[in-house]
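Student: Heads up: the protein sequence lines correspond to chains F and B, in order. Each residue of the first sequence is one higher than the one before, starting from 7 at the first, in the working numbering. Each residue of the second sequence is one higher than the one before, starting from 7 at the first, in the working numbering. Where is the CB? At the ideal position from N, CA and C, for every residue including glycine. Note that the structure is predicted; figures quoted are calculated from it, not measured. Have a look at this one.
Number of protein chains: 2
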Amino acid sequence: MNASAGHSDGTVGKALDVLDAVALFGRPVRFSELLAEGRWPKATLYRLLQTLTNQGMLFFDADMNTYTLGLRLVRLAHRAWSQTSIAPVARPCLDQLSELLGKTVHLAQLDHGQVLYVDKRNAHKPIEMFSGTGKVGPAYCTGVGKAMLAFLPESELQAALKAQAYQPHTKATHISAESLTAELAEIRHTGLSFDREEHEPGIICVAAPILGLAGDPLGALSVTTSTLQHSLTDLEALAPDLQHTASEIAARLQPWANPIPAEEA
Amino acid sequence: MNASAGHSDGTVGKALDVLDAVALFGRPVRFSELLAEGRWPKATLYRLLQTLTNQGMLFFDADMNTYTLGLRLVRLAHRAWSQTSIAPVARPCLDQLSELLGKTVHLAQLDHGQVLYVDKRNAHKPIEMFSGTGKVGPAYCTGVGKAMLAFLPESELQAALKAQAYQPHTKATHISAESLTAELAEIRHTGLSFDREEHEPGIICVAAPILGLAGDPLGALSVTTSTLQHSLTDLEALAPDLQHTASEIAARLQPWANPIPAEEA
DNA sequence: AGCTTAGGTTCCAAATAATGAAACCGGGTT
DNA sequence: AACCCGGTTTCATTATTTGGAACCTAAGCT
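Structure (structure tokens):
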């Protein structure tokens, strides 16, 4: 019945919940810390952790008595990354764009109506690490999100629109599918999408979709800044570079679009 | 009773095996393709896939009737990556070294006696994508592998030595724990490890370990080239740069090594 | 059409694995 | 010594998993 991200089916579900819990801590966790969440009985949690550790999904540091995400997961990570993400292909383009503009650049994909950030470059600073990438965000109130929604085929768009939360993060946030749809039409025309402080006050961005052969959105690219530093007009001036990079990425993605395995063991 | 295979404990184990199987395909997989592996009975595989899909670890494309790695996995993957892999921390250092030397550079970690490549930079070419990273290789016949083995504490070393396959990939490959152990002693002295065409004919490399506070191997760094372009002596000349970068990475890793949470939820 | 096959899906009783309260350890503290 | 705390193990009970076989379809073939 409960379809939300909870305790739905089976042992596997619970095990994965534990995995999530460990991941969520973002640092080595002690057994008791997880137990304190009160989500699992002692013995059950213990066995679950043991199983996951045996399986290499978790790593147990015997010295500290702590659990961390395991190397098997890292291995899966690479596979997941290179299979479901356009990031590896887009990387050089992102580098280039980032260097050219010297601003914060995001690369995102759409998944089940939500935005998944798959890569990022920070303004000049000596490359902050993975911050942001892997995070999931809303589609209806972000530049990249809207850029992708705008080019979704009708059936998928409807599903995606339904999946949005329409929470008023700021005064500018779209709070209904209707107002959003109106803007999407415009985005479809210009091929450009703006975040006008719709997600966070003071934060604005321009985004462009990365389109496949069939005009379907493969991903989106954005440049983010704050109202303190730039205006929307400033951002609009960056559009050509953005769109150029977007189409370059699209071009690199072409061959991959075909069903060509082409991989050795 | 069944303790032979080592894995396959419980339902979770099987589910994760299925996950691996899907990941291994490297492309959308049909139910029947997985079934054809003969590893699971029909109904069982079906339910496992369903569970994993419900859990978001797999994504099911209803049009094509295919399974792919799911969003939840991708999210976990990123966490795993940034938490248990030294790659994010080492990234800028790798960039620097790669630019300095203009050669192929590898970053690896040890996983159950095997080498896991976690990052890579290719010679000058505009950065070939993720090729290699995420791959697992042998420790006994690679530069990075030996570099890490050499600094393993005795007990772990014994376990790791046993885990090696000692397959004679080339004429230079170590084919026994004894000859390998002898070289490891030398590596421990010099802090430098060579691959003298032990894995692939014509391919040589220098590697240096990345050592933690306790002298334990956190990972290893290598520069690879071919005998057509360079000699071992050429590579030896790069040692200082290699080792400098290795210790720089080690230094960046330090704070993480200490049991300092110092982070809010 | 009729007949057959292949890819998926569902049933159900038996076999198995998960469960969790409670007991148990080992080592610090009071 | 008695007590607590974090972690580990036991064990009878319970619920889930299991997988052979039957069952759908939607193609393919004669």
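With a threshold of 9 Å between beta-carbons, can A114/F be considered close to chain B, or not?
Tutor: No - not a single Cβ of chain B is within 9 Å of the one on A114/F.
Student: Taking C-alpha atoms, which residue in A252/F, F65/F and L116/F lies nearest to S91/B?
Tutor: The shortest C-alpha separation from S91/B is found at F65/F.
Student: Among the candidates P215/F, P246/F and I255/F, whose CA atom is the shortest distance from the CA of T148/F?
Tutor: The residue with the shortest Cα to Cα distance from T148/F is P215/F.
Student: So with CB distances below 8 Å, who are the chain F contacts of R36/B?
Tutor: By Cβ distance, chain F contributes nothing, its closest Cβ being about 12 Å from R36/B, past 8 Å.
Student: Quick one: any contact between the segment 110 to 117 of chain F and the segment 214 to 231 of chain F, if contact means 3 or more CB pairs under 8 Å?
Tutor: Because the criterion of three Cβ pairs below 8 Å is met, the segment 110 to 117 of chain F and the segment 214 to 231 of chain F touch.
Student: Let me see if you follow: with CB-CB separation under 9 Å, is P65/F close to chain B or not?
Tutor: Correcting the residue identity first, residue 65/F is Phe in this sequence and not Pro. Yes, F65/F counts as interfacial toward chain B.
Student: Does any C-beta atom of chain F lie closer than 9 Å to the C-beta of S91/B?
Tutor: Chain F, which has a Cβ nearer than 9 Å to the Cβ of S91/B, makes this yes.
Student: Counting C-beta neighbours from all protein chains within 10 Å, is the total for E204/B 16 or more, i.e. buried, or is it exposed?
Tutor: The residue in question, E204/B, is buried, as its Cβ has 16 or more Cβ neighbours within 10 Å.
Student: In terms of alpha-carbon separation, which member of Y73/B, L55/B and L248/B lies closest to D101/B?
Tutor: Checking every option, the nearest Cα to that of D101/B belongs to L248/B.
Student: Does G12/F come within less than 9 Å of chain B when only Cβ atoms are used?
Tutor: Model confidence at G12/F stands at a pLDDT of 41, short of 50, so the residue's coordinates are unreliable; what they give is reported in the following sentence. No, G12/F does not count as interfacial toward chain B.
Student: Give me, in chain order, the residues of the same chain whose beta-carbon lies closer than 8 Å to that of T187/F; leave out the 5 immediate sequence neighbours on both sides.
Tutor: Cβ neighbours of T187/F beyond the five flanking positions: L167.
Student: Where does G119/F land, buried or exposed, given buried means 16+ other C-beta within 10 angstroms?
Tutor: With 16 or more other Cβ atoms within 10 Å, it is buried.
Student: Listed in chain order, which residues of the segment 142 to 168 of chain F have Cβ atoms closer than 9 Å to some Cβ of chain B?
Tutor: Going along the segment 142 to 168 of chain F in chain order, one finds V142 with a Cβ nearer than 9 Å to chain B.
Student: Go to A114/B, then tell me how far its beta strand (DSSP E) extends in each direction, as first and last residue.
Tutor: Per DSSP, A114/B belongs to the beta strand (DSSP E) from T110 to D117.
Student: Just to confirm, is the Cβ distance from R78/F to Q61/F under 9 Å?
Tutor: A contact, by the Cβ cut-off of 9 Å.
Student: When Cβ atoms are compared, which residues of the segment 181 to 208 of chain F fall closer than 9 Å to chain B?
Tutor: Hits within the stretch: zero.
Student: Confirm, please, whether the CB-CB distance from V121/B to G276/B is below 9 Å.
Tutor: The requested residue 276/B is not part of the displayed model; chain B covers only 7 to 271.
Student: Might you give, ordered along the chain, the residues of its own chain that have their beta carbon closer than 8 Å to the beta carbon of A256/F, omitting 5 neighbours on each side?
Tutor: Counting only Cβ-Cβ distances below 8 Å, and skipping sequence neighbours, we find I216, L217, G218 and L224.
Student: For L107/B, which option in R33/B, R127/B, Y123/B and Q89/B has the closest C-alpha, if you only look at C-alpha atoms?
Tutor: Here the closest residue by C-alpha is R127/B.
Student: Give the interface partners of L75/B over in chain F, defined as CB-CB distance under 7 Å, in chain order.
Tutor: By Cβ distance, chain F contributes R85, A86, Q89 and T90.
Student: Between T57/B and chain F, is any beta-carbon pair separated by less than 9 Å?
Tutor: So yes, T57/B belongs to the interface.
Student: With a CB to CB cut of under 6 Å and the five nearest residues on each side skipped, what residues in its chain are close to G151/B?
Tutor: Answer for G151/B: V121 and A145, listed in chain order.
Student: With C-beta atoms as the reference, is L30/F less than 9 Å away from M63/F?
Tutor: Not in contact: L30/F and M63/F (Cβ atoms no closer than 9 Å).
Student: Which residues does DSSP list as the beta-bridge partners of D201/B?
Tutor: D201/B pairs with C211/B.
Student: Is it buried or exposed for G76/B, if we count other Cβ within 10 angstroms and need 16 for buried?
Tutor: It is buried - the Cβ of G76/B has at least 16 other Cβ atoms within 10 Å.
Student: Output yes or no for whether 9 Å exceeds the beta carbon distance between L238/F and R202/F.
Tutor: Yes; because the gap between Cβ atoms is below 9 Å, this pair is in contact.
Student: So who's on the other strand from P67/F, going by DSSP bridges?
Tutor: Correcting the residue identity first, residue 67/F is Asp in this sequence and not Pro. D67/F is bridged to T72/F.
Student: Cα separation between A86/F and K48/F?
Tutor: Rounded to whole angstroms, A86/F to K48/F spans 32 Å at the Cα level.
Student: Compare the C-beta of R127/F against all C-beta atoms of chain B and say whether one is closer than 9 Å.
Tutor: Taking Cβ atoms only, chain B never reaches closer than 9 Å to R127/F, which makes this a no.
Student: Could you spell out the range, first to last residue, of the beta strand (DSSP E) harbouring A226/B?
Tutor: Residues P223 to S232.
Student: Which term fits A11/F, buried or exposed, when burial requires 16 or more other beta carbons within 10 angstroms of its beta carbon?
Tutor: Unreliable positioning characterises A11/F in this predicted model, as indicated by a pLDDT of 38, which lies under 50. A coordinate reading is not provided.
Student: Can you say whether R81/B is buried or exposed, counting buried as having 16 or more other CB atoms within 10 angstroms of its CB?
Tutor: Flag for R81/B reads buried.
Student: Would you decide whether D23/F is buried or exposed? Buried here means 16 or more other CB atoms lie within 10 Å of its CB.
Tutor: Classification of D23/F: buried, given that the 10 Å Cβ count is 16 or more.
Student: Would you decide whether D67/F is buried or exposed? Buried here means 16 or more other CB atoms lie within 10 Å of its CB.
Tutor: D67/F is exposed by the Cβ-count criterion.
Student: To the nearest angstrom, how far is it from the Cα of G16/F to the Cα of Y73/F?
Tutor: Rounded to the nearest angstrom, the two C-alpha atoms are 23 Å apart.
Student: Along the chain, where does the alpha helix (DSSP H) that runs through L55/F open and close?
Tutor: Where L55/F is concerned, the enclosing alpha helix (DSSP H) stretches over K48 to N60.
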